[in-house]
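Take a look at the structure set out below.
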Amino acid sequence: MSLSIIGCVVNGPGEALMTDLGFTGGGKGAGMVYVAGRPDHKMDNEGMVDHIVGLVEKRAAEIAAEEENGLQAAE
33 MSLSIIGCVV NGPGEALMTD LGFTGGGKGA GMVYVAGRPD HKMDNEGMVD HIVGLVEKRA
93 AEIAAEEENG LQAAE
């Protein structure tokens, strides 16, 4: 899983396009959350850390389930 958290509104979006999950700073106390390299939703800076941690944990569980399903299919 790749993750980018960049405060720069100039460079951040380009980096986030190449990651599974990303957050780019914006202005006015909020930024953009990227999922699978695409802008997904805005998030306020105050709740950003908890929100990103939740997204990472959810994606990690999805990856683990995909790997488990792949192993079962191979057997």
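In our numbering, the protein residues as written are 33 to 107.
Virtual Cβ for every residue (Gly too), placed ideally from N, Cα, C.
Original post:
What beta strand (DSSP E) runs, 3 residues minimum, are completely inside the segment 38-66?
Top reply: 53-59
**OP:** Have a look at the DSSP bridge pairing and note the partners of residue 76.
**Re:** 62
Subject >> Outcome for residue 48 when other beta-carbon atoms lying within 10 angstroms are tallied against a minimum of 16 >> reply: buried
**OP:** Would you check if the distance between the CB atom of residue 19 and the CB atom of residue 66 is smaller than 9 angstroms?
**Re:** The structure shown has nothing for residue 19, since the chain only spans 33 to 107.
Original post:
Can you tell me the Cα-Cα spacing of residue 37 and residue 64, whole angstroms?
Top reply: 10 angstroms
**OP:** Please work out which residues of its chain come closer than 6 angstroms, Cβ to Cβ, to residue 83, disregarding the five sequence neighbours upstream and downstream, and give them in chain order.
**Re:** 75
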